[in-house]
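Undergrad:
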Amino acid sequence: MKVYTKTGDKGTTALFGGTRVPKDHIRIDSYGTVDELNSYIGLIRDQEMDAHYKSILIEIQDRLFTVGAILATPVEKEVLKNGELRLKNLGIVPSDIELLENQIDAMEETLPQMTHFVLPGGHQTVSYCHIARCVCRRAERLAVHLSHNETVPEIAIQYLNRLSDYLFVLARKLSSDLKAEEVKWIPRK
């Protein structure tokens, strides 16, 4: 199978199920941003850190492929002609969100209470977490925008929302683990 198909040379691409849409369609932007997020999470995972974080990040990357597949599938193409679900055995379930919440809670138990806004930075790995958090927020906004016109499972949006929280807390935890300086935002007086 060749990587290039030439089918997108005129600015369209196929969704799951074969429907062709312009490459700047909100659905493409939505799952493309999830793909971008997945790449940034891979970059975080490639940094030196505790193996536990790496295993959670692999789990997150797997779930993001699922979110991308969900966003790439129009509701009218969810069921195949034979009656089977197109995304059979794929989905985001409440336990996926609970995993993120449990990880957030565990990390926060070891961190000082937040009393101020934090400027992104302090260590390269921490900065990567903040970039991923921002991309995650953009992916969430795009999925919400898509949901105004087309069906998007609410749980996919919830997952992206919780993931951005996880990435923020992971940045704080890695700042602590790496003994990086956490710079407080100080408003002008």
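At position 127 of the sequence shown the residue is numbered 127 (the UniProt record's numbering), and the sequence of numbers has no breaks. C-beta: ideal position from N, C-alpha, C; glycine also. For clarity, every value in this text was computed on a predicted model and none was experimentally measured.
Could you give the distance in angstroms between the alpha-carbon of D29 and the alpha-carbon of K6?
TA: Rounded to the nearest angstrom, the two C-alpha atoms are 20 Å apart.
Undergrad: Does the count of Cβ pairs from the segment 29–45 and the segment 62–71 closer than 8 Å reach three?
TA: Touching, per the Cβ criterion.
Undergrad: So for V118, helix, strand or coil by DSSP?
TA: Correct three-state label for V118: strand.
Undergrad: If you check the beta carbons only, do V118 and R172 fall under 9 Å apart?
TA: In contact: V118 and R172 (Cβ atoms closer than 9 Å).
Undergrad: Pick helix, strand or coil for V67, following the three-state DSSP scheme.
TA: If DSSP states are grouped into helix, strand and coil, V67 belongs with the helices.
Undergrad: Which first and last residues belong to the alpha helix (DSSP H) in which G32 is found?
TA: I26 to R45 is the extent of the alpha helix (DSSP H) around G32.
Undergrad: Since R133 contacts L167 with CB under 8 Å, what's their CB separation in whole angstroms?
TA: Indeed, because the Cβ distance is near 4 Å, the residues count as touching under 8 Å.
Undergrad: Is the separation between the beta-carbon of T110 and that of I44 shorter than 9 Å?
TA: Not a contact, by the Cβ cut-off of 9 Å.
Undergrad: In terms of residue numbering, what span does the alpha helix (DSSP H) encompassing E48 cover?
TA: E48 -> no alpha helix (DSSP H), and no H or E assigned at all.
Undergrad: Helix, strand or coil for K184? Go by DSSP, reduced to three states.
TA: Strand.
Undergrad: If we count the other Cβ atoms within 10 Å of its Cβ and call it buried at 16 or more, is L90 buried or exposed?
TA: Counting Cβ neighbours within 10 Å, L90 comes out exposed, since fewer than 16 surround it.
Undergrad: Is the distance from the Cβ of L99 to the Cβ of E36 below 9 Å?
TA: Going by C-beta atoms, L99 is not nearer than 9 Å to E36.
Undergrad: List the endpoints of the continuous alpha helix (DSSP H) containing D96.
TA: From DSSP, the alpha helix (DSSP H) with D96 extends over P94 to E109.
Undergrad: Can you check which of these residues, I186, A156 and H25, is closest to S95 by C-alpha distance?
TA: The shortest Cα separation from S95 among I186, A156 and H25 belongs to A156.
Undergrad: Roughly how many whole angstroms lie between the Cα atoms of K189 and T73?
TA: If I take the Cα positions, the gap works out to 50 Å.
Undergrad: Does DSSP put V21 in a helix, in a strand, or in coil?
TA: The answer is strand: DSSP assigns V21 an E or B state.
Undergrad: Spatial neighbours of I26 within its chain, please: C-beta separation below 7 Å, excluding the five flanking residues on both sides.
TA: So the qualifying residues of the chain are L142, H145 and L146.
Undergrad: In whole angstroms, what is the alpha-carbon distance linking E108 and V169?
TA: Cα to Cα, E108 sits roughly 7 Å from V169.
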